[in-house]
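Asks:
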Amino acid sequence: MGDRLPVVLVTGFLGSGKTTLLSRLLGRPELGETAVIVNELGDVGIDHHLLRQVDERTVLLANGCLCCTLRGDLADELRDLLSRRTRGEIPPFRRVVVETTGLADPAPILNTVLAEPVVKHHFEPGPVIATVDAVNGLGQLDREVETVKQVVVADRLVVTKTDVAEPGSVAGLEERLRTLNPAAELLEISFGEADPALLLAPGARDPRDLAAGGAPAHDGIRPFVLFLDRPVDWTAFGIWLTMLLASRGEDVLRVKGLLDVGANGPVVLNGVQHVVHPPEHLDAWPDEDRRSRLVFIARGIEKDELEASLAAFAFLGDGP
Amino acid sequence: MCALCGVLLTDHWAERGSGRRDRVSRVRLLNRVLAHFGLELGDWSGRVYMLRDRKGKTAVVDDLGSLWTAAEALAGRPLDPLDPALVAALRRG
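Taken in order, these protein sequences are the chains called V and F. So the number in this note's numbering is just where the residue sits in the first sequence, counting from 1, plus 10. So the number in this note's numbering is just where the residue sits in the second sequence, counting from 1, plus 838.
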């Protein structure tokens, strides 16, 4: 992806500690060259020299689904940051952090960074970080579909307010989060104290040690992992996944993993509903295990049918 | 990046970095799938794809992002890769 600047997304329900976390992190010298875009200036103000506010504004495209909307406000702000940096009106920055409202859907934000004609040439999606309040998180997961979506889309789940929560409720919440999104890295913080690596480290957890599966975690949403023991034809895989996302994309909430395409290293795959990051080819595998491993978090789709379909498509190229 | 709104994009994630040989292979594999729905795909100058049904109705598509929407419109029915009949047909080869 070259010199593109990462756009880190910090999401989480209202009161879950997003702003506290950010205000602490942005005080650290390692995160000095960070531009910040927020939807709302909350009670806990962020004191930062590169703070910008946007009013959430989505542009629904003709024939588009919700996840494929473009956030016009965000695109405008990112373009403006770039031009002002070029003109020397603001200090240089090496990353952008976007703090969303508690109700914002992360998918259109990722889509904006990946698809907006100007933005996509200068920025790339960084990690998606979701804060979940240890005191109220379980209740929010039961009641608020937005919270479930934020958890499913996250690369890192940050459980906040663990200092004031009952120990049992923290354990229960973390078990629920691991069930909902086994591919995410799970961290606990209290008083907003967190390692700057939370924002700086690229990408997400290596999905190869996952063993997701079992009962639906929420409203028919079920995570599972598919393994493939032999290399996959990348062209055939692309046909399968684009067809799957075209027909079932609203129910494929998340797909991520490593794919063996017969090269020295795997292809890293990361998608949220219809929005797929440009696949990244790694030079080498992270360990001795070279099996393809794909994590799906899907609604109303059974593992068996997905597995059978992928097997039929993935080896299409083997036939006559 | 969007399977439904592929018209926005010229460098679809599934085709990025692929060459002429990949494109020929893609058309061949796609035709094995599309045949199940009575459709056929051709390459037009290595730039766009031409999709046609058995009655001769055609649609020009840019990439895999816009292909499936156009194919569904021409076929007049959903194109679901999880459809057991399609999976069985692909397995039979």
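Heads up, the beta-carbon is just placed ideally off N, CA and C, and yes, glycines get one too.
Give me the Cα-Cα distance between G844(F) and D901(F), rounded to the nearest whole angstrom.
Replies: In the second sequence, the residue the question calls residue 844(F) occupies position 6. In the second sequence, the residue the question calls residue 901(F) occupies position 63. Only weak support exists for where G844(F) lies, its pLDDT of 41 falling under 50; the value from the coordinates is given anyway. Spanning the two alpha carbons is a distance of roughly 7 Å.
Asks: Identify the residues that DSSP records as bridge partners of T44(V): which are they?
Replies: Indexing the first sequence from 1 puts residue 44(V) at position 34. Partner(s): R105(V).
Asks: Which of the three DSSP states, helix, strand or coil, is assigned to L889(F)?
Replies: Along the second sequence, one-based indexing puts residue 889(F) at 51. Residue state, collapsed to three classes: strand.
Asks: Beta carbon of L167(V), beta carbon of N191(V): below 9 Å?
Replies: The residue given as residue 167(V) occupies position 157 in the first sequence. The residue given as residue 191(V) occupies position 181 in the first sequence. Taking 9 Å as the Cβ cut-off, L167(V) and N191(V) qualify as a contacting pair.
Asks: I'd like to know whether the C-beta atoms of T189(V) and F23(V) end up nearer to each other than 9 Å.
Replies: Sequence index remark: in the first sequence, residue 189(V) carries index 179 (1-based). Sequence index remark: in the first sequence, residue 23(V) carries index 13 (1-based). No, Cβ-Cβ distance for T189(V) and F23(V) is not below 9 Å.
Asks: So is S257(V) in contact with chain F if we call contact Cβ pairs under 9 Å?
Replies: Along the first sequence, one-based indexing puts residue 257(V) at 247. Output row for S257(V): interface = yes.
Asks: For P233(V), which option in H132(V), S302(V), L187(V) has the closest C-alpha, if you only look at C-alpha atoms?
Replies: On the first sequence, position 223 is the one that residue 233(V) refers to. Nearest C-alpha to P233(V): L187(V).
Asks: Relative to chain F, which residues along the segment 269-303 of chain V have a C-beta separation below 8 Å, given in chain order?
Replies: So the close ones are H284, V285, V286, H287, P288, P289.
Asks: Less than 9 Å between the beta carbons of V305(V) and G267(V), yes or no?
Replies: Within the first sequence, the letter at position 295 stands for residue 305(V). Within the first sequence, the letter at position 257 stands for residue 267(V). A contact, by the Cβ cut-off of 9 Å.
Asks: Closest to T110(V) by CA distance: which of A164(V), E317(V), E184(V), A175(V) is it?
Replies: Here residue 110(V) is taken as the residue at index 100 of the first sequence, counted from 1. Taking only the C-alpha atoms, the option nearest T110(V) is A164(V).
Asks: Do the CB positions of E126(V) and A175(V) come within less than 9 Å of each other?
Replies: Taking the first sequence and counting its residues from 1, one reaches residue 126(V) at position 116. Taking the first sequence and counting its residues from 1, one reaches residue 175(V) at position 165. Their beta carbons are not under 9 Å apart, which means E126(V) does not touch A175(V) by this criterion.
Asks: Taking CB distances under 9 Å as the criterion, tell me whether D891(F) reaches chain V.
Replies: Sequence index remark: in the second sequence, residue 891(F) carries index 53 (1-based). With 9 Å as the cut-off, D891(F) does not count as an interface residue toward chain V.
Asks: Please list, in chain order, all residues of the same chain as R309(V) whose beta carbon is under 6 Å from its beta carbon, the five residues on each side excluded.
Replies: Within the first sequence, numbered from 1, the residue matching residue 309(V) stands at position 299. Excluding sequence neighbours, R309(V) sits near G230, I231, D261.
Asks: Does DSSP classify L148(V) as helix, strand or coil?
Replies: By one-based count along the first sequence, residue 148(V) stands at place 138. Helix, per DSSP.
Asks: Mark P101(V) as exposed unless 16 or more other C-beta atoms lie within 10 angstroms of its C-beta, in which case mark it buried.
Replies: Taking the first sequence and counting its residues from 1, one reaches residue 101(V) at position 91. By the neighbour-count rule (16 or more Cβ atoms within 10 Å), P101(V) is not buried but exposed.
Asks: Go ahead and label S302(V) buried or exposed: buried means 16 or more other beta carbons lie within 10 angstroms of its beta carbon, across all protein chains shown.
Replies: What you label residue 302(V) is simply residue 292 of the first sequence in a count that begins at 1. So S302(V) counts as buried.
Asks: Taking the alpha helix (DSSP H) that N869(F) falls in, what are its first and last residues?
Replies: To locate residue 869(F), count along the second sequence from 1; it is residue 31. From DSSP, the alpha helix (DSSP H) with N869(F) extends over 858-872.
Asks: Give me, in chain order, the residues of the same chain whose beta-carbon lies closer than 6 Å to that of E290(V); leave out the 5 immediate sequence neighbours on both sides.
Replies: The residue you call residue 290(V) lines up with position 280 of the first sequence. V278.
Asks: Counting only Cβ pairs nearer than 8 Å, list the residues of chain F close to A246(V).
Replies: If you number the first sequence from 1, residue 246(V) lands on position 236. Correct list: L867.
Asks: In the DSSP assignment, find the unbroken alpha helix (DSSP H) run with A308(V) in it and report its ends.
Replies: Here residue 308(V) refers to the residue found at position 298 when the first sequence is read from its first residue. No alpha helix (DSSP H) contains A308(V), which is instead part of the beta strand (DSSP E) from 302-309.
Asks: Would V899(F) pass as an interface residue toward chain V - the criterion being a Cβ-Cβ separation below 9 Å?
Replies: Taking the first residue of the second sequence as 1, we reach residue 899(F) at position 61. Cβ-Cβ to chain V under 9 Å: no for V899(F).
Asks: How far does the beta strand (DSSP E) with N280(V) in it reach, from first residue to last?
Replies: What you label residue 280(V) is simply residue 270 of the first sequence in a count that begins at 1. Start and end: 277-282.
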